[in-house]
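Numbering (the numbering used here), first residue to last: 12 to 725.
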């Protein structure tokens, strides 16, 4: 079945020693949008000349220092060879009717080819592709740095799609109507200007659109406040309002769930990142509220039933369970029967749910090991399930499901096993569609799952990857996230850009240890695991990370100041806190696209949408606990902090680059060394393509070698 783009709810040649000898900051020039009491407020002006001059100075100095380190060129080239290998799996981005869509990227097609193949040829392992859009060529022809951001295709014909393109890789996109049979953009078709638009098809000739409609049409988070119905042949300004949110809400969207020949629209008003008011749209346009609790996660529609995963206990059904109800009953004003579809055990968590023709597919974790389950509803309303016979102790990605038959595609991988794509039908043996050859010699490596004990006694799992026979303390790289329900699972040590791609592979090959920590705040054990460190309990996530680091020291895997911690986005906040709370434990900090000024975060870019996770710093009661860990405010003079490597993107319109910039400026003011790299493009991913990902992998690797292979430098 078609996967929709989700609604709201993811970048001077001096040595390290010389970095401490930086000139004093230039006198501040404060823009109107930032408080005048902060001397670094000018760095919040994303494209301001003074801010960019400062960034350029840091970039020039840091890149010259890191690129001159031994091995940089070799790491970069090998990373590029691994990431752009000719032999790749063409993962199915969507199955639409009897066709499969895929974005293909390689060394020739850096930004990618969007293409289509028949479902039959794809399932056979010998797809016959037809290119629809050459993203590189389109960008060149139009003078734009287009980055592919997905497509929303109309059902049940699946002949037209709204294509999303970002200029530079940010979340804001231009939406254009594309015709699949002709392989061309539709002349005089639907076009929505660049913005963080949310849209879906309302019919063959109409769209539900939530975008920037002008004055008062946005929330404080910078997302659409108004959803409208836009009919073909009329200007966007003539679209009719369907529903609206308040300015304090995160935003609004109309999701559309295809179910055979039917479409089920659902208005979703996100009151915060984890709570939404949902209403079904009746055929006459009436909005009928869903009976689900506001924190439930809407998954899909199957045979006229809405499928959702509970985030809290509800009507006797425990949090984490998958439930279903009849949409027809709700629209008719009847109280629907709430069906228990699947109730996970204490060690399990539901990660993803999708549907095919008559079957529900659930991707789960069991002690952070993946499994895929197919479920079918009986005439008595009970659901029976079958576990797919996929490799164990692996990560499973549910890539796509078909809507016209009961077929799912899943990719399976682990730290040491390359990805393999399977076609899966219920109660039959999965068929390997494609398997990548090994990219490195895994026979010399081993993986263990261990458990550390956090400050409050909670057992925290983590994966440890080392060469076989490794003894004695070695430098360790720990990656963690700990937020927003996002579980961290093992992936092949080559192409995970959020973990600096092949940097982890290089690290292990050279005799060091790579660790993936499953700290609280993620979704590894369901809703409770996420909820434990919310708001005033945030310190629990930080305690978990420290517990893993301490466990590495206690068990002789590593030693104090020989441990690096890596994190992106919310993980960037995590490692910023770690740097300040335990400078005795950590020797290096890889800080990507980070949140760091938690006093200002809700006023920067999409920050207001995360108040449900962190709290509201504008409320004194909330600032009282946020202020205890906010890295920008807690940085102190005279402390021997580990030297951080900070990276972000100028075009990150999710986590404002001002966080990274201001933190670097304060380090500079205090005379503390740091490395800083701000990519001009890439958005929140901090890289628009694999060339940039390879560069970052090399920078991270030489940085780690510099900081951890010798005594800490000051």
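Note that beta-carbon positions come from the ideal geometry of N, C-alpha and C, so glycine has one too.
Cβ separation of residue 281 and residue 262, assumed to be a contact under 8 Å, to the nearest whole Å: 6 Å
Test item: CB-CB of residue 331 and residue 321 under 8 Å: yes
In DSSP terms, what residue 232 is bridged to: Paired residues: none, contrary to the question.
Touching by the beta-carbon criterion (3+ pairs, under 8 Å), the segment 396-404 and the segment 418-426: yes
Contacting residues, own chain, Cβ-Cβ under 7 Å from residue 250 (five flanking each side not counted): 220, 239, 240 and 241
For residue 480 and residue 137, the rounded distance between their alpha carbons: 41 Å
Between the CA atoms of residue 109 and residue 614 - distance to the nearest angstrom: 45 Å
Per-residue burial, residue 102 [other beta carbons within 10 Å of its own, 16 or more giving buried]: buried
Length at least 4, wholly inside the segment 332-415: the alpha helix (DSSP H) runs in chain order: 338-342
Straight-line gap, residue 361 to residue 649 (C-alpha atoms, nearest Å): 46 Å
According to DSSP, residues forming a beta bridge with residue 578: 602
Integer Cβ distance of residue 576 from residue 491, believed to fall under 8 Å: 7 Å
Start and end residues, beta strand (DSSP E) containing residue 678: Taken as a continuous stretch (DSSP letters only), residue 678 belongs to no beta strand (DSSP E), being part of the alpha helix (DSSP H) at 669-680.
Counted within 10 angstroms of its Cβ, other Cβ atoms place residue 441 as buried (16 or more) or exposed: buried
Terminal residues of the alpha helix (DSSP H) in which residue 532 lies: From DSSP, residue 532 is part of no alpha helix (DSSP H); its letter is neither H nor E.
Collapsed DSSP secondary structure at residue 553 in the structure displayed: helix
Unbroken alpha helix (DSSP H) run spanning residue 186, endpoints: It is not in any alpha helix (DSSP H) - residue 186 instead sits in the beta strand (DSSP E) that spans 184-190.
Exposure of residue 215, with buried meaning 16 or more beta-carbon neighbours within 10 Å: exposed
Residue 765 burial status per 10 Å Cβ neighbour count (16 or more: buried): The question about residue 765 has no answer, for the chain in this structure spans 12 to 725.
Beta carbon of residue 519 nearer than 8 Å to that of residue 573: no
Reference residue 486; option with closest CA among 493, 496 and 475: 475
Nonlocal neighbours in the same chain, by C-beta distance under 7 Å from residue 719, ignoring five residues either side: 486, 573, 575, 598 and 599
Inter-stretch contact at 8 Å, needing at least 3 Cβ pairs: the segment 491-500 / the segment 533-543: yes
Sequence-distant residues of the same chain with beta carbon closer than 8 Å to residue 694, five excluded per side: 22, 158, 177, 179, 180, 181, 182, 660, 662, 663, 664 and 665
Proximity of residue 380 and residue 372 at Cβ, strictly below 8 Å: no
Residue span of the beta strand (DSSP E) that contains residue 309, given as start and end: 308-313
Local Cβ density within 10 Å of residue 701, reported as buried at 16 or more and exposed below that: buried
C-alpha distance - residue 236 paired with residue 451, whole-angstrom precision: 49 Å
Where residue 543 sits in the DSSP three-state scheme: coil
Straight-line Cα distance separating residue 171 from residue 186: 13 Å
Assigned exposure category for residue 166 - 16 Cβ within 10 Å defines buried: buried
Residue 503 versus residue 716 - alpha carbon distance: 22 Å
Buried versus exposed call for residue 582 [16 or more other C-beta atoms within 10 Å across all chains shown]: buried
Enclosing beta strand (DSSP E) for residue 443 [first to last residue]: 442-446
Between the CA atoms of residue 602 and residue 352 - distance to the nearest angstrom: 40 Å
Validate contact between the segment 603-613 and the segment 623-643 using beta carbons, cut 8 Å, 3 pairs: yes
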